[in-house]
C-alpha cells in the first residue's frame, strides 16, 4: 500500500499552483478527485499552449498524473448535492481560488463540518482569506514583484528580474501539501477538521528568510550582486571560463584553502592574508574576485571542473535544460518517468522529489476530463443509474454536449487557453 493510499482529496484546482501541490500526494497514493467545471471546459491547464490540442496539453500532464476527474457544476443545486456526498466520504477539500471565493462557494470548514466533522479544508489562495488584499487575484509573477524577489534578482545595473521558473506557485503548492498532511493527521487524532488558510503571498514573504531577519534586526538592505554572487560568502558565484560559465563556491574555510592552492595562490588562505577568512574576503571582495575572474578565464569549463571536483570544492557547470535532463545523476535518481497517452503516445515528465520508503511510485497519465465519472458516481458514491440520471437532468454534471455526462472528455470542444482564468478564480 502506498503511504497516502488511505487519503481521499476533493480538489477544486486548476492551472499550476494547486495541481502542483496535489500531484506529489497523488504520486504517494492519495486519491485525488479533480472537480472540473463543465461550463469552462474543465481545468484551464488543459488548453495551455504550445503543446496542446483539444483538451490535451503537456502542461496539464505535468501537474495531473495519477488523479481522477469528475465534471461537476457546483453552481447548480444538483452539483452541490453530489459535492456534499463526496465531502461525507473524503478527508480533504482542497482548492486554489481567489481569497474571497472559498466563502462564496461555501467550501470552508464551517460550511461543511455538518457533513463530515473531520473534513480538512485547504485553501491555497493568492493572498489568503483575510487582509486587505484577500480579494485580489494572485499570479506568481505579481507575487515575485510584490514580495521583493525581483528587486533582489538580476545584475546590479539591470532591471528587476523574475525567476525563470514559477517558484512562488510551486513553493505554494508544497506548503499547501504540508498543511494538508498536518491537517489530516490532526483531524484523525482529534476527530475534528479545520481550515488551512494557505497563500502564495505568505509563502513568498516567508522565503525571504535570512535577508529578512537581517533587515528586521540589523537594518540590512539587500542589494543585487554581480554574477549571482552570494550576499555574504566570498567566493560563491558564477565565473566565466574560456568557453562558458560555471559555479564555484567556498561555503567553508577548508574549501577556500583548497581553492587558493588549486589556482596557484596558497598564500591567499594563510594567516595575515587579506583573504584569510570570511570577513576579510568579504571586505576585499572586489580585488579578490577580479583576480579569480582573470584566472578562471584562462581555461575551459571542462578543464576546470575535473580539478575542482578532485579537490572536493563545491562547483558545477551552468547547464541548459537539455543538459540538466541528460545529466547522469538525473537518470541515476530515476527523475524522468514515462506514461502512455492516447494522443501523445508516450509522455516523459519529471518524477516527484518526495521520497517515502523504497517502493517506487506507479505513474498513470493525467485523466481525460470526466474520465472517472462512473467510478466516482457508482463505485465511490453508490449512486444507481436512475439517481445519476436525475442528477444529470438537473445539470449536476454539465451537458452531454461538453462531455459532462458521457465522460468523453469533451473532445468535440477545442478551446484556447485564457490567461485570465486563473487570476479570476483565485
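In my numbering, the protein residues as written are 13 to 438.
Idealized CB from N, CA, C, for every residue including glycine.
- At a cut-off of 4 residues, the continuous stretches assigned as alpha helix (DSSP H) that sit fully inside the stretch 121-156 are 121-124.
- For residue 307, the uninterrupted alpha helix (DSSP H) run begins and ends at 297-308, by DSSP.
- Checking the DSSP bridge columns, you'll see residue 106 partnered with 23 and 134.
- Your pair residue 148 and residue 160 does not check out as a contact, with CB atoms roughly 17 Å apart and the cut at 8 Å.
- For residue 207, same chain residues with a beta-carbon under 6 Å away, outside a window of 5 residues either side, are 120, 121 and 133 in chain order.
- Comparing C-alpha distances from residue 239 to each of 39, 249 and 230 shows the shortest one belongs to 249.
- Here residue 83 is buried: its Cβ has 16 or more other Cβ atoms, across all protein chains shown, within 10 Å.
- When DSSP states are grouped into helix, strand and coil, residue 349 belongs to the strand group.
- In this structure, DSSP gives residue 167 a state outside helix and strand, which the three-state scheme calls coil.
- In the DSSP assignment, residue 328 falls outside any alpha helix (DSSP H) and within the unbroken beta strand (DSSP E) covering 327-329.
- Counting only the Cα atoms, residue 286 lies some 10 Å from residue 299.
- Per the coordinates, the alpha-carbon of residue 265 lies some 37 Å from the alpha-carbon of residue 370.
- Measuring C-alpha to C-alpha distances from residue 404 to each of 50, 304, 271 and 41 identifies 50 as the nearest.
- Here residue 250 is bridged, per DSSP, to 259.
- Using a 10 angstroms sphere on the CB of residue 16, the tally of other CB atoms reaches 16 or more, which defines it as buried.
- Taking C-beta atoms under 8 Å as the contact rule, residue 351 and residue 376 qualify, at a distance of about 6 Å.
- The DSSP-derived three-state label of residue 17 is coil.
- Looking from the CA of residue 111, the closest CA among 145, 253, 92 and 406 belongs to 145.
- In the DSSP annotation of this structure, the continuous segment of the alpha helix (DSSP H) that includes residue 217 starts and ends at 212-218.
- The stretch 62-108 is shown to contain whole beta strand (DSSP E) runs of 3 or more residues at 80-83 and 104-107, in chain order.
- Taking the C-beta atoms as reference points, residue 45 is found no nearer than 9 Å to residue 400.
- Within the DSSP secondary-structure output, residue 47 pairs in a beta bridge with 82.
- Boundaries of the beta strand (DSSP E) harbouring residue 362: 357-362, taken from the DSSP string.
- Residue pairing by DSSP puts residue 207 in a beta bridge opposite 133.
- Within the same chain, and ignoring the five residues on either side of residue 293 in sequence, the residues whose Cβ sits closer than 7 Å to its Cβ are 246, 287 and 300.
- Per DSSP, residue 313 is one residue of the alpha helix (DSSP H) stretching across 313-322.
- Counting C-beta atoms within 10 angstroms of its own C-beta, residue 373 has 16 or more neighbours from the protein chains shown and is therefore classed as buried.
- When secondary structure is reduced to three states using DSSP, residue 58 falls in the helix class.
- When the alpha-carbon of residue 141 is set against those of 198, 317 and 212, the nearest one is in 212.
- Assignment of residue 229 by DSSP, reduced to helix, strand and coil, places it in the helix class.
- Within the model, the alpha-carbon separation for residue 127 versus residue 99 is close to 7 Å.
- Residue 22 is not a Cβ neighbour of residue 196, given a cutoff of 9 Å.
- Secondary structure at residue 201: helix, using DSSP grouped into helix, strand and coil.
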